[in-house]
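Numbering (this note's numbering), first residue to last: 72 to 533.
Where is the CB? At the ideal position from N, CA and C, for every residue including glycine.
Keep in mind it's a predicted model, so treat the numbers as computed, not measured.
Inspection log for the structure reproduced underneath, given as structure tokens.
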Amino acid sequence: MAAVTRSIYALQNGVSLNIRSESNANRVSALSPSCSKRVKEGLVSFRQCSVASQNVSQLFMPKRGSLNNRTSFRCLAGVERPWKSHDARLVLEDGSIFTGVAFGAKGTVVNEVVFNTSLSGYQEIMTDPSYAGQFVCFTCPHIGNVGINEDDTESSKCHLGGIIIRSYSPNVSNYRSVKDLDQYCREQNVVGIADLDTRELTRRLRDQGSLIGVISTELEDEVSTEALVEKAKGWKIEGVDYLSQVCTDSQYEWSTNTIPEWEFNVEPKDAKFHVVAYDFGIKTNILRRLASYGCRVTVVPAKTPASEVLALNPSGVFFSNGPGDPSAAPYAVENAKEILGKVPVFGICMGHQILGQAFGATTYKLKFGHHGGNHPVSYLPTGRVEISAQNHNYAVDPSTLPEGVKVTHINLNDGTCAGMIYPAKKAMSIQYHPEASPGPHDSDPSFGDFIAMMEAEVKVAV
Numbered sequence: 072m073a074a075v076t077r078s079i080y081a082l083q084n085g086v087s088l089n090i091r092s093e094s095n096a097n098r099v100s101a102l103s104p105s106c107s108k109r110v111k112e113g114l115v116s117f118r119q120c121s122v123a124s125q126n127v128s129q130l131f132m133p134k135r136g137s138l139n140n141r142t143s144f145r146c147l148a149g150v151e152r153p154w155k156s157h158d159a160r161l162v163l164e165d166g167s168i169f170t171g172v173a174f175g176a177k178g179t180v181v182n183e184v185v186f187n188t189s190l191s192g193y194q195e196i197m198t199d200p201s202y203a204g205q206f207v208c209f210t211c212p213h214i215g216n217v218g219i220n221e222d223d224t225e226s227s228k229c230h231l232g233g234i235i236i237r238s239y240s241p242n243v244s245n246y247r248s249v250k251d252l253d254q255y256c257r258e259q260n261v262v263g264i265a266d267l268d269t270r271e272l273t274r275r276l277r278d279q280g281s282l283i284g285v286i287s288t289e290l291e292d293e294v295s296t297e298a299l300v301e302k303a304k305g306w307k308i309e310g311v312d313y314l315s316q317v318c319t320d321s322q323y324e325w326s327t328n329t330i331p332e333w334e335f336n337v338e339p340k341d342a343k344f345h346v347v348a349y350d351f352g353i354k355t356n357i358l359r360r361l362a363s364y365g366c367r368v369t370v371v372p373a374k375t376p377a378s379e380v381l382a383l384n385p386s387g388v389f390f391s392n393g394p395g396d397p398s399a400a401p402y403a404v405e406n407a408k409e410i411l412g413k414v415p416v417f418g419i420c421m422g423h424q425i426l427g428q429a430f431g432a433t434t435y436k437l438k439f440g441h442h443g444g445n446h447p448v449s450y451l452p453t454g455r456v457e458i459s460a461q462n463h464n465y466a467v468d469p470s471t472l473p474e475g476v477k478v479t480h481i482n483l484n485d486g487t488c489a490g491m492i493y494p495a496k497k498a499m500s501i502q503y504h505p506e507a508s509p510g511p512h513d514s515d516p517s518f519g520d521f522i523a524m525m526e527a528e529v530k531v532a533v
């Protein structure tokens, strides 16, 4: 019995099983031809045979009634295995190779690889336009368990190139879910790879910085690993203007508040202010929060001239979040320069970086960026600490800011500039998401600060 137990354990864990005994050797003929080729000198590798026979769930089982040290084994063919073999690769520009199980769309895609430390909200992350040009590695190990619903999307589609997860949940349990993650990724043409060591990948990204990677569901004989490495080495994200790629094509109005079920801070107010929002990749919940604070919002494309924005007679101008390198969008900086000082201005994330350059400062790329819902930020005037949601790869260099600009917030993880105010130019900005959905909501009062700026402007005008 002990021998049988050891044999079964060996088979289940991919260890070679010795079947040199005559009675067992006779059983080899029951294997499929492709599997029989892997039987050499009486040694059988369970993993090799299971790969060769696509519909084998158990290669050998003890023959009933013969539980002894000379147990015979029989092959059970035609039974589908209850797990998938690794059929996808993630190859990094440094030559690292990770294998996993494919889900979602098929094909070969190259993007920058970043990691996100949020423990919830994978649907919001996937639909955040700021992830254009990137693969997101989720450090939260279990993804897909709540499926996909119709309320939590932050834009009309997924803009990221793919997702990398440790454990894909095939079972969905949420009262709002309308489809599973695999179906959604196929519909959105997003490649996915699961059953991958995301902890090892995250540590590599932290040590070396964000890396270019290729996710491929093609076989080795269709595209070699060496070719994928070269593909990664030849792709760059710096200097690419993603803002004009993800923004709206035309101007539109927004007046819908935060869904009442999820309202958490203020009583919705009637529209008192008219805010023109530059869409650099704006998230739906930003628009909802502005509306909940009493704003009628006009959303304009990223390249809308400042003169056209000012002609709309706004109470204030909002510069939204967005993907990529702020230096790749000089038109946005020039428009900001023309608007500064004329009406109150609020910028977040990409908008923060655009305003920083418009102030006269420079921006630089962080080693691996800030991506997650657990970043502590200190509000310097009072020392208040906010737990914030962040998603950016670039930062403003505070040493290059001109006189008159004050740094109001710093990221407590690395000391980077996380907020600014320029009173003379009626401008404020933060390097994170005050609208954070599903949270945290510590930074929501930033919208109230913007409202206060516009109220002060109205009083001055009167």
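message = What does the Cβ neighbour count give for Y246, buried or exposed, with the cut at 16 atoms within 10 Å?
response = Looking up residue 246 in the sequence shown gives position 175. Exposed.
Need the endpoints of the beta strand (DSSP E) that M389 sits in, please.
Locating residue 389 in the sequence shown gives position 318, counting from the first residue. Per the sequence shown, the amino acid found at residue 389 is Phe instead of Met. Segment G387 to F390, the beta strand (DSSP E) holding F389.
**Message:** Judging by CA-CA distance, which residue of E301, Y465 and L437 is the nearest neighbour of I419?
**Reply:** Counting from one through the sequence shown, the residue named residue 419 turns up at place 348. Ranking E301, Y465 and L437 by Cα distance to I419 puts Y465 first.
- Message: Please identify the residue among S287, Q461, V371 and R359 whose C-alpha is closest to the C-alpha of F351.
- Response: Numbered from 1 along the sequence shown, position 280 holds the residue referred to as residue 351. If we check each option's Cα against that of F351, V371 comes out closest.
Residues of its chain near F186, where Cβ-Cβ distance is below 6 Å and the 5 sequence neighbours each way are ignored
Here residue 186 corresponds to residue number 115 of the sequence shown, with the count starting at 1. Excluding residues within five positions, the ones whose Cβ falls inside 6 Å are C208, T210, T273 and L276.
Name the residue from M421, G178, D165 and G166 whose alpha carbon lies nearest to the alpha carbon of A159. Residue numbering aside, residue 159 sits at position 88 when the sequence shown is read from its first letter. Among M421, G178, D165 and G166, the Cα nearest to that of A159 belongs to G178.
query = Taking just the CA atoms, how far does C488 sit from N430?
reply = As a first step, residue 430 must be located in the sequence shown, where it is residue number 359. As a first step, residue 488 must be located in the sequence shown, where it is residue number 417. In the sequence on display, residue 430 carries Phe and not Asn. Straight-line Cα distance between these residues: approximately 14 Å.
Quiz item: Would you say H213 touches the ligand GTP, meaning its beta carbon is less than 6 Å from a heavy atom?
Solution: In the structure shown, the ligand GTP is absent, as is every other ligand, since no ligand is present at all.
*Can you tell me the Cα-Cα spacing of V243 and H345, whole angstroms?*
The residue labelled residue 243 in the question sits at position 172 within the sequence shown. The residue labelled residue 345 in the question sits at position 274 within the sequence shown. Taking the straight line joining both Cα atoms gives about 41 Å.
Query raised in the report: Between the stretch 398-411 and the stretch 362-380, are three or more C-beta pairs nearer than 8 Å?
Result: yes
Within the stretch 178-264, ranges of the beta strand (DSSP E) (whole runs, at least 3 residues):
179-187, 205-209 and 233-235
* Asked: Going straight from the alpha carbon of P397 to that of P153, what length do you get?
  -> If you number the sequence shown from 1, residue 397 lands on position 326. If you number the sequence shown from 1, residue 153 lands on position 82. Taking the straight line from one Cα to the other gives about 47 Å.
Find out if the Cβ-Cβ distance for the pair S500, H423 is shorter than 7 Å. Counting from 1 along the sequence shown, the entry for residue 500 is found at position 429. Counting from 1 along the sequence shown, the entry for residue 423 is found at position 352. Yes. Within cutoff.
ask   = Who pairs with Q322 in a beta bridge, going by DSSP?
value = Here residue 322 is taken as the residue at index 251 of the sequence shown, counted from 1. Q322 pairs with nothing; no bridge assigned.
Report the residue from E291, A362 and M421 whose alpha carbon sits nearest the alpha carbon of Y435.
-> For the purposes of this step, residue 435 is identified with residue 364 of the sequence shown, where counting begins at 1. Among E291, A362 and M421, the Cα nearest to that of Y435 belongs to M421.
If you follow the beta strand (DSSP E) that T479 is part of, which residue opens it and which one closes it? Translated into the one-based positions of the sequence shown, residue 479 becomes position 408. Residues K477 to N482.
If you check the beta carbons only, do I458 and P511 fall under 7 Å apart? Translated into the one-based positions of the sequence shown, residue 458 becomes position 387. Translated into the one-based positions of the sequence shown, residue 511 becomes position 440. Result yes, Cβ atoms of I458 and P511 sit closer than 7 Å.
Going along the chain, which residues of its own chain have a beta-carbon closer than 6 Å to the beta-carbon of Y255, five neighbours each way excluded?
Taking the first residue of the sequence shown as 1, we reach residue 255 at position 184. Excluding positions up to five away in sequence, the list reads I219.
Taking DSSP's pairing of strands, which residues face G443 in a bridge?
For the purposes of this step, residue 443 is taken as the residue at position 372 of the sequence shown. Looking at the DSSP assignment, G443 forms a beta bridge with Q461.
**Message:** Under 8 Å, with one C-beta from each stretch per pair, do the stretch 197-208 and the stretch 225-233 reach the 3-pair mark?
**Reply:** yes
request  = Entirely within the stretch 346-374 and at least 4 residues each: give me those alpha helix (DSSP H) ranges in chain order.
outcome  = 355-363
| said: One question on the structure: do M491 and P415 come within less than 7 Å of each other, judged by their Cβ atoms? | reply: Mapped onto the sequence shown, residue 491 falls at position 420. Mapped onto the sequence shown, residue 415 falls at position 344. The answer is no: Cβ separation not under 7 Å.
- Message: Let me check understanding here. Comparing Cα to Cα, which of D513, K496 and D468 lies closest to A460?
- Response: In the sequence shown, counting from the first residue as 1, residue 460 sits at position 389. Among D513, K496 and D468, the Cα nearest to that of A460 is on D513.
Q: Check whether the Cβ atoms of V181 and V317 lie closer than 7 Å to each other.
A: To locate residue 181, count along the sequence shown from 1; it is residue 110. To locate residue 317, count along the sequence shown from 1; it is residue 246. Not in contact: V181 and V317 (Cβ atoms no closer than 7 Å).
H446, buried or exposed, once every other Cβ within 10 Å from all chains shown has been counted against 16
The residue given as residue 446 occupies position 375 in the sequence shown. Label assigned to H446: buried.
Is H512 helix, strand or coil when you go by DSSP? Reading the sequence shown from its first residue, position 441 is the one you call residue 512. Correct three-state label for H512: coil.
Secondary structure at A507, three-state DSSP: helix, strand or coil? Position 436 of the sequence shown holds residue 507. Note: A507 maps to coil in three-state DSSP.
If the criterion is Cβ atoms closer than 7 Å, does the pair T269 and A173 meet it?
The residue labelled residue 269 in the question sits at position 198 within the sequence shown. The residue labelled residue 173 in the question sits at position 102 within the sequence shown. In this structure, A173 does not lie closer than 7 Å to T269 by Cβ.
Requested in this report: Pull up the distance between the alpha-carbon of A362 and that of L381, whole angstroms please.
Outcome: Stepping through the sequence shown from its first residue, residue 362 is reached at position 291. Stepping through the sequence shown from its first residue, residue 381 is reached at position 310. Cα-Cα distance, rounded: 20 Å.
Could you check what DSSP says for G519 in three-state terms: helix, strand or coil?
-> Sequence index remark: in the sequence shown, residue 519 carries index 448 (1-based). DSSP places G519 in helix when its eight states are reduced to three.
*Taking only the alpha-carbon atoms, compute the straight-line gap between V368 and D341 and give it to the nearest angstrom.*
Residue 368 sits at position 297 when you count from the first residue of the sequence shown. Residue 341 sits at position 270 when you count from the first residue of the sequence shown. Approximately 12 Å between the Cα atoms of the pair.
Inset, instruction - Evaluate H213 with the Cβ neighbour count: other Cβ atoms within 10 Å of its Cβ, from every protein chain shown; 16 or more gives buried, anything less gives exposed. - result: The count along the sequence shown starts at 1 and reaches residue 213 at position 142. Under this definition H213 is an exposed residue.
In its own chain, which residues sit with a C-beta less than 8 Å from the C-beta of A432, not counting the 5 before and 5 after it?
Taking the sequence shown and counting its residues from 1, the one referred to as residue 432 is at position 361. Here the set comprises V467, D468, P469, T471, L472, P473 and V476.
Provide the residue(s) that pair with S56 in DSSP beta bridges, ordered along the chain.
Outside the displayed span of the chain (72 to 533) sits residue 56, for which this structure offers no information.
DSSP state of Y402, grouped into three classes? Residue numbering aside, residue 402 sits at position 331 when the sequence shown is read from its first letter. Helix.
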